[in-house]
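This report refers to the structure that appears directly beneath it.
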Amino acid sequence: MTEFLQHVVNGLSLGTIYALIALGYTMVYGVLKLINFAHGDVYMVGAFAGYYVATALDVERSPSLAKALVVFVGSMAVCGALGFVVERFAYRPLRNRPRLASLITAIGVSFLLEFGFQLPSLRSQAESLESALFGFGLRLPDFLHRLALALPDSFPPGPTPRFFPEPFERVDWTVLGGVHVSNYDVVSLGVAFAFMVGLQLIVYRTKFGTAMRAVSFDARTAGLMGIPVGRVISGTFVLGSVLAAVAALLVAGSRPRIDPIMGLMPGLKAFVAAVFGGIGSVPGAMVGGLVLGFSEEMVAGYTVSSFRDGIAFAMLILVLLIRPEGLFGRVTVEKV
Amino acid sequence: MRLARVVAAMAALAAVACQTKKPEAEGQAGPAPAAAPSAERILVGHIGSMTGSEATFGQSTDNGIKLAIEQWNAKGGVKGRQLALKTYDDQGKPEEAAVAATRLVVNDKVNVLLGEVASSRSLAMAPIADSNKVPMITPSSTNPRVTKEKDQVRPFVFRVCFIDPFQGTVMAKFARDDLKVTRVAILRDVGNDYSMGLADYFLAKFKELGGTIVDDQSYKAGDQDFKAQLTAIKGKNPEAIYVPGYYTDVALIARQARELGMKQPLLGGDGWDSVKLYEIGGKAIEGSYYSNHYASDDPSPRIQDFVKAYQARFGSIPDGLAAMGYDAAMVAFDAMSRASEPSGVPLRDAIAATKDYAGVTGVITIDSNHDANKPAVVVEVKGGKSVYVTTIRP
Numbered sequence: 027m028t029e030f031l032q033h034v035v036n037g038l039s040l041g042t043i044y045a046l047i048a049l050g051y052t053m054v055y056g057v058l059k060l061i062n063f064a065h066g067d068v069y070m071v072g073a074f075a076g077y078y079v080a081t082a083l084d085v086e087r088s089p090s091l092a093k094a095l096v097v098f099v100g101s102m103a104v105c106g107a108l109g110f111v112v113e114r115f116a117y118r119p120l121r122n123r124p125r126l127a128s129l130i131t132a133i134g135v136s137f138l139l140e141f142g143f144q145l146p147s148l149r150s151q152a153e154s155l156e157s158a159l160f161g162f163g164l165r166l167p168d169f170l171h172r173l174a175l176a177l178p179d180s181f182p183p184g185p186t187p188r189f190f191p192e193p194f195e196r197v198d199w200t201v202l203g204g205v206h207v208s209n210y211d212v213v214s215l216g217v218a219f220a221f222m223v224g225l226q227l228i229v230y231r232t233k234f235g236t237a238m239r240a241v242s243f244d245a246r247t248a249g250l251m252g253i254p255v256g257r258v259i260s261g262t263f264v265l266g267s268v269l270a271a272v273a274a275l276l277v278a279g280s281r282p283r284i285d286p287i288m289g290l291m292p293g294l295k296a297f298v299a300a301v302f303g304g305i306g307s308v309p310g311a312m313v314g315g316l317v318l319g320f321s322e323e324m325v326a327g328y329t330v331s332s333f334r335d336g337i338a339f340a341m342l343i344l345v346l347l348i349r350p351e352g353l354f355g356r357v358t359v360e361k362v
Numbered sequence: 539m540r541l542a543r544v545v546a547a548m549a550a551l552a553a554v555a556c557q558t559k560k561p562e563a564e565g566q567a568g569p570a571p572a573a574a575p576s577a578e579r580i581l582v583g584h585i586g587s588m589t590g591s592e593a594t595f596g597q598s599t600d601n602g603i604k605l606a607i608e609q610w611n612a613k614g615g616v617k618g619r620q621l622a623l624k625t626y627d628d629q630g631k632p633e634e635a636a637v638a639a640t641r642l643v644v645n646d647k648v649n650v651l652l653g654e655v656a657s658s659r660s661l662a663m664a665p666i667a668d669s670n671k672v673p674m675i676t677p678s679s680t681n682p683r684v685t686k687e688k689d690q691v692r693p694f695v696f697r698v699c700f701i702d703p704f705q706g707t708v709m710a711k712f713a714r715d716d717l718k719v720t721r722v723a724i725l726r727d728v729g730n731d732y733s734m735g736l737a738d739y740f741l742a743k744f745k746e747l748g749g750t751i752v753d754d755q756s757y758k759a760g761d762q763d764f765k766a767q768l769t770a771i772k773g774k775n776p777e778a779i780y781v782p783g784y785y786t787d788v789a790l791i792a793r794q795a796r797e798l799g800m801k802q803p804l805l806g807g808d809g810w811d812s813v814k815l816y817e818i819g820g821k822a823i824e825g826s827y828y829s830n831h832y833a834s835d836d837p838s839p840r841i842q843d844f845v846k847a848y849q850a851r852f853g854s855i856p857d858g859l860a861a862m863g864y865d866a867a868m869v870a871f872d873a874m875s876r877a878s879e880p881s882g883v884p885l886r887d888a889i890a891a892t893k894d895y896a897g898v899t900g901v902i903t904i905d906s907n908h909d910a911n912k913p914a915v916v917v918e919v920k921g922g923k924s925v926y927v928t929t930i931r932p
């Protein structure tokens, strides 16, 4: 029984992460009918942005709540900006082209982020360029040389994994006779639920949310009604990316290893969660994320643990075979 | 507008073209090498994971090789010729190791190939060494398939370390005889030849010695969450957990195990050997044991001389990888000085004839399977570093 409850706790913490990332997928699909495959990598960028801010603030040696908040807000801002930039330069020019072009572009952005972050740091790239030119007998002018030295030394981070510093002291409790819960678990559950509730409020109680829902019903008519469709779409991307950053920071607190391809698997699984819950539906993404987190934890814990990743994709196949519109999705009938 | 897009596309192409794989270093500092003409130099190739999840493996091995080269060059080189090193980073990926190996043997025409530490990557390199007739010495790959594929010994591939059938039994013997435990769980890395092989050999020997394996769970390298597997293991109540993985994952596993309230010691293999294990694992890894090629606190003079020389050159205590890199390079150069030609078949024959070479990590004799038959040490993680516990002979 204790083992089962421990699995429940673990599954809950895993599920809320998937739910937060799935929300980004589902909102963008709802508004643009585009599956943003780069979303998992926005999550990765959020983790690294938080890492860089935390290193700059020296969280490792003197953690504090104020610094943790700055790390949070900083990472959310960076991801929001990234979402805006990606939409503006990668997806908007293809708005009137066939949907396949946007899908492939999304995959391209995903690879760009993953492999871009695995490149050696800008300063070492400049230095190797300099020594290569020197081998040809060319010397760089002094101001370019000084510019090369001023380039960042730890960005891009390269393939070696980094370890996120602990933002606050870890406290473990043993409850219900053997189940281990830490304050990290409690905080991350609380923050995740708070953000999900906040998103519900935004989507269903604000003007922006109504505009988002209108655009997802019929973009052209919404435009005719005076809704600034371009701005609504950008706002949706920013909102989704901010949630991905929150997910990344919650994960990084208790599972501190971050590397440039950390977003690949969670991104794919969150996509499955969004499809499971009904892609385009906000409560669907939340439920889908929680269900996926639980299933993964139970399967990994009670059966062969190497099926851990496989279960997500098995669920995807099942959902597409049995109920392709997902749990909360609407069946769309095409009238000819 | 059209012109702007064309210019942007051209700039992108140019940026991509500039990203050719750059060799890590040529063994000298500064952009103006004033070395002897290359016809006189003997080129040694090294492929290692200088970046990636096992970054310290490649870096330590590279340092060990550099030290060996500097010591030989100071004594006049091999047969009067100076040695030079060319290192490529495989980023921890077997595909990259294969590409780097091809580059070293075909483009750079190295005399000998040193590497890799990880068995998966050595397996990627071995066919390339064989087909190009360039001798390859792996310093620390312990999976038996690296030198012997299905009863066929690979003609040009050698190793200077023990193999996993032996290493698996080392920890099994230690667990039964020294720690006196009967119930052990295994947590293996399912995508890693080294981890799978080592776990299997441990399992077989531990059962043979009368112990029980209460659970056998797996994970994938790069996973961040091991709580599902650890919770299942916890339910079976083992006295120790065997985790034959690489240090990054092991450190995280240790942390998460302690978070779940599991107090059993962890046992492991030489994949744990890294300064990062203690940095990341912290208090969680204290009191755990692993098998290794050598212990830096061994008082024997040969080891202490090496430790002092390494510390003077690189400013840190050499780990097992550095010592193995050093020994692999020394064996290669010793063979070069005995061979009629320091390359190709004559060099291969000289390496195969290596007998009783006194290395830092033990006496090295290359047997008919191109392996070295050496004892292993078991170390304990105490006070943020590894402390020698015992030696187990084959």
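Chains A and B, in that order, give the protein sequences. Okay, so the first sequence: first residue is 27 according to this note's numbering, each after it adds one. Okay, so the second sequence: first residue is 539 according to this note's numbering, each after it adds one. We put the CB at the ideal spot given by N, CA and C, even for glycine.
- Among the residues of chain B, those whose CB is under 8 Å from the CB of Y328 of chain A are A770, following chain order.
- Contacts with chain A (Cβ-Cβ distance below 7 Å) from the stretch 797-820 of chain B involve E797, L798, G799, I818, listed in chain order.
- Segment contact: the stretch 579-588 of chain B against the stretch 841-857 of chain B, fewer than three CB-CB distances shorter than 8 Å; contact not assigned.
- For E29 of chain A, at least one C-beta of chain B is nearer than 9 Å to its own C-beta.
- Collapsing the DSSP output to three states places H908 of chain B in coil.
- Using a Cβ-Cβ cut-off of 8 Å, S756 of chain B is close to V330, S331, S332 of chain A, given in chain order.
- Annotation: the continuous beta strand (DSSP E) that includes V901 of chain B extends over 900-902.
- Look at L40 of chain A here: in three-state DSSP terms it is helix.
- Using beta-carbon distances, P191 of chain A does not count as an interface residue toward chain B, since no partner is under 9 Å.
- The beta-carbon of D179 of chain A is placed no less than 9 Å from the nearest beta-carbon of chain B.
- With a minimum length of 3 residues, there is no unbroken run of beta strand (DSSP E) contained wholly in the stretch 134-170 of chain A.
- Close to N36 of chain A, with beta-carbon spacing below 8 Å, are these residues of chain B in chain order: D763, K765, A766, T769.
- Y827 of chain B carries a strand assignment under DSSP once its states are collapsed to helix, strand and coil.
- Here R349 of chain A is exposed, its C-beta having fewer than 16 other C-beta atoms within 10 Å.
- By alpha-carbon distance to T680 of chain B, the top candidate from B:E797, B:S660, B:A867 is B:S660.
- Nearest Cα to G314 of chain A within the set A:R188, A:V258, A:A296: A:A296.
- Here the C-alpha atom of A218 of chain A lies approximately 16 Å from the C-alpha atom of A94 of chain A.
- Not one beta carbon of chain B lies nearer than 9 Å to the beta carbon of I130 of chain A.
- Contacts with chain B at 9 Å (Cβ-Cβ) do not include V135 of chain A.
- Positions of the alpha helix (DSSP H) runs, each at least 4 residues long and wholly inside the stretch 171-243 of chain A, are given as 209-231, 233-243 in order along the chain.
- Annotated three-state conformation of G806 of chain B is strand, per DSSP.
- With three or more CB-CB distances shorter than 8 Å, the stretch 258-269 of chain A counts as touching the stretch 213-229 of chain A.
- According to the DSSP assignment, Q794 of chain B belongs to the alpha helix (DSSP H) that extends over 785-797.
- Look at L581 of chain B here: in three-state DSSP terms it is strand.
- Residue contact with chain A for A593 of chain B: present (Cβ-Cβ distance below 9 Å to some residue of chain A).
- One thing to note: P254 of chain A has its Cβ no nearer than 9 Å to the Cβ of F141 of chain A.
- Taking a C-beta distance under 9 Å as the contact criterion, Y732 of chain B and S658 of chain B qualify as a contact pair.
- In chain order, E797, L798, G799 make up the part of chain B whose C-beta sits under 7 Å from the C-beta of H206 of chain A.
- For the stretch 630-657 of chain B, residues whose beta-carbon sits nearer than 8 Å to a beta-carbon of chain A comprise G630.
- Between the alpha carbons of L250 of chain A and V241 of chain A lies a distance of about 11 Å.
- Contact annotation for D198 of chain A against chain B: E797, G799 [CB-CB distance below 8 Å, chain order].
- Under the three-state reduction of DSSP output, I287 of chain A falls in the coil class, being neither helix nor strand.
- The Cβ atoms of F320 of chain A and L38 of chain A sit closer than 9 Å to each other.
- By the Cβ-count criterion, I130 of chain A is exposed, with fewer than 16 other Cβ atoms from all chains shown falling within 10 Å of its own Cβ.
- Here the C-alpha atom of L173 of chain A lies approximately 21 Å from the C-alpha atom of A550 of chain B.
- Excluding its 5 nearest sequence neighbours in each direction, V277 of chain A has C-beta neighbours in its own chain below 6 Å: I43, listed in chain order.
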